[in-house]
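Protein chains: 2
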Amino acid sequence: MRRIERWDYIELTFRGHAEGNPFTDYEITASFTGPSGTLHVDGFYDGDGIYKVRFMPENEGMYTYRVTGSFMNGETAAGPDPLEGAFEAAPASADNHGPVRVTEKVHLRYADGTPYYSIGTTAYAWVCQTMELQEQTLDTLAHTCFNKIRFSFLPKHYLYNFNEPITYPFVRGNRRGQDPERLARAMKIDYGGDYARDITDFDCYTPNVEHFRRFDLRIGQLRDLGIEADLIFFYDYDRWGFANMKDECDRLYLKYCVARYAAFRNVWWSMANEYDIMTKTVEEWEGLGELVSARDPYRHMLSIHNCLRFYDYTRPWITHCSMQRIDLYKHVEETDLHLKKYEKPVVWDEIAYEGNIDMGWGNISGQELTRRFWEAFLRGGHAGHGDTFMDPDDVLWWAKGGVLKGESEPRLAFLLRILKDMPCEYLKAGEGIFDETVGIPSTEERHQVYGTTPAPGSSCSFEIHYFGFGRPSFRTMFFPEGERFHVEVIDTWNMTIEDRGIMSGVSRIDLPSREYMAIRLTKVN
Amino acid sequence: MRRIERWDYIELTFRGHAEGNPFTDYEITASFTGPSGTLHVDGFYDGDGIYKVRFMPENEGMYTYRVTGSFMNGETAAGPDPLEGAFEAAPASADNHGPVRVTEKVHLRYADGTPYYSIGTTAYAWVCQTMELQEQTLDTLAHTCFNKIRFSFLPKHYLYNFNEPITYPFVRGNRRGQDPERLARAMKIDYGGDYARDITDFDCYTPNVEHFRRFDLRIGQLRDLGIEADLIFFYDYDRWGFANMKDECDRLYLKYCVARYAAFRNVWWSMANEYDIMTKTVEEWEGLGELVSARDPYRHMLSIHNCLRFYDYTRPWITHCSMQRIDLYKHVEETDLHLKKYEKPVVWDEIAYEGNIDMGWGNISGQELTRRFWEAFLRGGHAGHGDTFMDPDDVLWWAKGGVLKGESEPRLAFLLRILKDMPCEYLKAGEGIFDETVGIPSTEERHQVYGTTPAPGSSCSFEIHYFGFGRPSFRTMFFPEGERFHVEVIDTWNMTIEDRGIMSGVSRIDLPSREYMAIRLTKVN
């Protein structure tokens with residue numbers, strides 16, 4: 095009997111109808127019954143008369159399955175796999191923690207219970223570049239700390255992104271499936287110059303399997319590197335018409351992607367990058383978001399990313415807030431307010447990128463980007479990185495992958511280590527129970543200190559006080575009567591942790607008058 | 095005939111009653127009639143049976159005066175000055191621009207029409223320190239760019255400020271004039287530790303003239319250095335009871351100060367530092383503010399400074415917004431919003447200080463403080479500086495004066511030079527008419543560029559684009575058809591201005607990928 099790991103997937107292959115348009119004319123579905131009941135999943139057409147079904151067991155134990163659908167070409171057994179069968183889901187191996195899930199409303203854990211601190215990055219169109227560049231991107235990712243990457247199935251048409259993809263998501267075909275009304279609206283908000291849309295002749299009823307097969311490969315490689323694939327369905331950076339397909343093509347595309355990729359445990363779905371500069375209405379986004387939510391048997395992380403206005407993240411199909419800052423000066427610093435408002439995890443997927451391009455969203459320093467990560471995480475949020483340095487060959491990480499030119503990544507790795515080393519699982523914004531500064535109670539003092547919530551049942555007491563752009567030469571701590579704390583001074587930029595021993599009572603902690611310092615306090619029992 | 099400069103002051107001296115409490119028992123007033131009518135001013139008691147009247151002529155020309163009041167000790171002529179007389183106000187000398195006035199609702203000019211860009215600093219209790227230290231402070235000011243300084247008549251009891259003043263504003267006297275109810279409220283919000291209030295025995299009906307005479311000296315010296323004296327009447331940093339006097343003592347004190355100092359052209363009045371952490375109610379502040387406004391014949395700049403909540407700056411007696419940031423991350427960046435809301439000049443008197451003390455409000459870098467100045471001024475606001483570096487002798491500029499330890503001052507001088515060199519008088523936040531960046535219209539682009547309003551009747555066209563913490567390696571400008579511009583690249587931190595010649599059409603301007611850069615564009619006719 096076949097045996098796979100829990101949270102890996104089984105793939106079943108069948109021959110079937112190849113005539114007409116198999117993507118739309120036939121269907122294939124399957125039911126899988128395991129230790130916790132039955133799940134129904136869609137299969138998908140993979141070209142050349144081949145249909146596939148993929149399934150990810152979420153439990154250990156025995157599973158049986160049954161495949162049905164109009165795809166069958168008059169044969170009893172479509173083969174090579176049997177239409178009914180069984181397999182065993184074995185315990186997950188050490189590096190397989192399962193998909194990321196929301197826990198305690200606002201936090202993230204892998205399905206096996208391991209906390210997940212999302213240190214994301216962005217390379218929107220990396221899977222559309224040359225195979226050589228894609229391999230380089232994977233090599234870069236293998237040597238960095240990122241555990242999520244945002245990218246799209248679609249090619250990208252935007253600043254530093256004007257090359258053609260190596261393959262297209264749909265086959266050529268006289269603009270079949272493009273929505274003239276949406277296109278007309280899009281042309282009206284056309285941005286001129288290099289942004290001119292020159293819509294070409296695709297048949298949006300016919301996915302290009304060669305294109306999507308490559309995403310199988312890349313999503314699987316990311317999974318093996320322990321990296322979540324935050325897959326973007328739509329964006330407006332388009333000159334091919336994929337941003338303005340007919341609704342039925344949008345739905346075909348979404349169903350196809352969900353059927354094909356949902357069995358990868360590391361998949362996250364992102365309905366759009368910058369939904370609010372596209373031609374779809376909120377009602378249309380709602381319908382598409384609900385479709386993905388309903389079609390995905392595993393309830394993967396699912397959100398929609400804004401440009402100018404946050405989406406209503408309270409919508410039931412949305413698992414987390416996938417946010418772009420909507421203000422130049424203040425954003426991650428409001429993480430705790432968003433957590434309270436939306437009661438869902440806050441993932442800052444765009445907070446400006448480290449780089450030196452002309453655009454304000456892509457030219458902050460490594461120090462500033464790292465500060466933004468600390469501000470987000472210390473309030474219980476998550477954040478995403480991008481690298482946008484000018485390049486003689488026009489290969490910017492954020493667009494195409496390749497190599498990193500910035501300085502922030504090692505600092506983000508350091509932050510991730512600090513997070514993983516915590517005696518408590520989650521951080522949240524706090525008023526600093528040990529830092530009752532003498533003096534006028536002042537708002538900024540409250541904004542500069544943080545606490546952790548002890549895990550349920552735990553008695554740990556732990557705080558990280560982060561000073562950001564502040565440069566105190568010392569801080570005075572007022573430890574609770576009779577309690578002792580291990581004090582460490584962290585330089586978040588220079589990546590050092592200095593042991594200051596055990597303190598109690600009123601204690602002065604000397605600091606180096608530099609930016610980006612933190613104090614870590616751990617109660618000693 | 096006596097002759098003084100316009101906007102200087104004439105001082106008249108008279109002998110009168112010395113018995114009882116001359117500060118409350120007698121009065122002295124005067125009327126001055128000049129080219130534009132008659133003004134009534136209060137005189138003040140200066141101790142030892144001496145009363146004085148000061149008057150600042152706001153016009154050139156002949157003035158006559160008449161002094162009356164119950165101060166006269168049965169004599170017809172109180173002497174040594176005659177009770178009636180005349181003098182001439184001559185043209186102001188080159189460095190005398192008159193008092194600062196509000197113009198065009200939101201801007202500031204000296205009375206002679208010279209634009210005033212307020213580069214303030216703060217040394218709250220400098221006139222309460224040793225004479226030697228005061229002289230050092232004046233020497234520092236003489237070599238810096240500051241054209242306003244905030245300080246108080248009162249001694250200060252606060253962090254790094256616990257020494258006794260060299261003189262007190264009132265004489266000793268068994269707590270006469272302290273308000274028990276206010277004191278009780280103040281003790282309730284006592285902050286403990288070093289902040290403990292140990293109210294001592296002053297007679298708040300009897301100003302100490304020795305104390306106030308020293309302010310004559312210092313305000314005059316500041317005037318001669320071209321520095322506005324932003325005089326704070328009240329704050330809560332108090333262990334002597336001056337923060338919680340009876341209402342009649344508050345009024346006595348205000349009237350005394352206005353009578354004594356209003357004739358100095360460089361006076362600004364600040365009702366309070368951090369009004370909202372004091373025991374007075376808004377109704378009480380209103381009454382006191384109106385008193386100062388009504389008693390000051392010259393209508394000097396008058397405001398009230400907040401801690402946690404802005405005051406209602408629309409109140410008629412308030413000439414400008416004297417603001418402290420109420421958010422750690424965003425404040426000066428909202429200058430244009432405040433200008434629109436209050437329709438009064440916006441002066442950011444506290445936006446955190448350059449330094450390295452433990453408090454978040456006093457440990458930002460010189461770079462960050464300078465950035466805040468640029469952000470404020472480029473939106474049409476003004477800003478204030480402070481220097482809070484730890485000192486072995488506990489002499490912090492912001493508290494006691496002395497010397498500066500920070501790096502921002504030369505950069506503020508550079509900014510002031512840039513402002514004074516403008517072909518237009520005022521800056522205001524703009525969307526950057528020449529910077530129609532190709533691409534998605536994005537909020538942050540709009541926040542990073544600025545324009546100037548041409549002065550009335552002027553056809554000048556001028557912009558400064560400031561990139562703050564952004565580090566673009568270039569920017570593309572889209573100059574209007576047929577127009578040519580002189581382009582300069584300004585490094586606001588390294589204080590360099592690089593000439594890039596004349597440009598037109600679509601022009602790329604290379605930049606050094608560093609923070610704190612700006613582009614200056616001046617139309618060439």
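If you're matching them up, the sequences are chains W and H in order. Read in the numbering used here, the first sequence has 589 at position 495, and its numbers run on one by one without any break. Read in the numbering used here, the second sequence has 397 at position 303, and its numbers run on one by one without any break. Glycine included, C-beta positions come from ideal geometry on N, C-alpha and C.
Report buried or exposed for residue i, applying the criterion of at least 16 other Cβ atoms within 10 angstroms of its Cβ.
{"i": "Val221/H", "result": "buried"}
{"i": "Thr224/W", "result": "exposed"}
{"i": "Ser212/W", "result": "buried"}
{"i": "Lys648/W", "result": "Beyond the ends of chain W as shown, which are 95 and 619, falls residue 648/W; an answer cannot be given."}
{"i": "Arg511/W", "result": "exposed"}
{"i": "Lys242/H", "result": "buried"}
{"i": "Arg266/W", "result": "exposed"}
{"i": "Pro410/H", "result": "exposed"}
{"i": "Thr132/W", "result": "exposed"}
{"i": "Ser502/H", "result": "buried"}
{"i": "Met281/H", "result": "exposed"}
{"i": "Arg505/H", "result": "buried"}
{"i": "Glu342/H", "result": "exposed"}
{"i": "Glu258/W", "result": "exposed"}
{"i": "Lys494/W", "result": "buried"}
{"i": "Asn338/W", "result": "buried"}
Return helix, strand or coil for residue i, following the three-state DSSP convention.
{"i": "Phe572/W", "result": "strand"}
{"i": "Arg466/H", "result": "helix"}
{"i": "Thr547/H", "result": "Residue confidence for Thr547/H is low, a pLDDT of 48 falling below 50, so the modelled location carries little weight; the figure read from the coordinates is stated next. It is a strand residue."}
{"i": "Ala184/W", "result": "strand"}
{"i": "Gly562/W", "result": "coil"}
{"i": "Gly456/H", "result": "helix"}
{"i": "Thr224/W", "result": "coil"}
{"i": "Thr118/H", "result": "helix"}
{"i": "Pro274/H", "result": "helix"}
{"i": "Pro504/W", "result": "helix"}
{"i": "Phe256/W", "result": "coil"}
{"i": "Arg100/H", "result": "coil"}
{"i": "Cys298/W", "result": "strand"}
{"i": "Phe138/W", "result": "strand"}
{"i": "Cys415/W", "result": "strand"}
{"i": "Trp587/W", "result": "coil"}
Quick one: residues in its chain with C-beta nearer than 6 Å to the C-beta of residue i, no 5 flanking neighbours on either side, listed in chain order?
{"i": "Pro336/W", "result": "Checking the displayed sequence, the identity of residue 336/W turns out to be Phe instead of Pro. Leu248, listed in sequence order."}
{"i": "His251/W", "result": "Tyr331, Asp332, Arg333"}
{"i": "Arg96/W", "result": "Phe181"}
{"i": "Ala507/H", "result": "Cys239"}
{"i": "Tyr407/W", "result": "Cys415, Tyr436, Lys438"}
{"i": "Ala172/H", "result": "Phe108, Arg109, Gly110, Met166"}
{"i": "Gly214/W", "result": "Lys242, Gly478"}
{"i": "Leu106/W", "result": "Val147, Asp175"}
{"i": "Trp455/W", "result": "Ala446"}
Going by beta carbon distance, what residues of the same chain come within less than 8 Å of residue i, once the five residues before and after it are set aside?
{"i": "Ile451/H", "result": "Leu253, Tyr254, Asn457, Thr482, Phe483, Met484, Leu490"}
{"i": "Tyr262/H", "result": "Pro249, Phe296, Asn302, His305, Trp334"}
I'd like the list of long-range same chain contacts for residue i, defined as Cβ closer than 7 Å, with 5 residues on each side in sequence excluded.
{"i": "Arg279/W", "result": "Thr373"}
{"i": "Trp587/W", "result": "Gln461, Thr464, Arg505, Tyr610"}
Within the chosen definition, does the region 165 to 184 of chain H reach the region 487 to 495 of chain H through at least 3 CB pairs nearer than 8 Å?
no
Positions along the region 425 to 450 of chain H whose CB lies within less than 7 Å of some CB in chain W:
Glu427, Asn450
By the 9 Å beta-carbon criterion, what residues does the region 564 to 578 of chain W contribute toward chain H?
Gly564, Arg565, Pro566, Ser567, Phe568, Arg569, Thr570
Please identify, using Cβ separations under 8 Å, the residues of the region 457 to 468 of chain W that lie next to chain H, in order along the chain.
Asn457, Ile458, Ser459, Glu462
Three-pair Cβ contact test at 8 Å for the region 360 to 370 of chain H versus the region 319 to 326 of chain H
yes
For the region 470 to 485 of chain H, which residues have a beta carbon sitting closer than 8 Å to at least one beta carbon of chain W?
Met484
Scan the region 487 to 500 of chain W for residues whose Cβ lies nearer than 9 Å to a Cβ of chain H and list them as they occur along the chain.
none
Interface residues of the region 581 to 609 of chain W facing chain H [CB-CB below 7 Å]:
Ser607, Glu609
Any residues in the region 332 to 347 of chain H with a beta carbon nearer than 7 Å to a beta carbon of chain W? Which ones, in chain order?
none
Do three or more CB pairs link the region 179 to 194 of chain H to the region 466 to 476 of chain H at distances below 8 Å?
no
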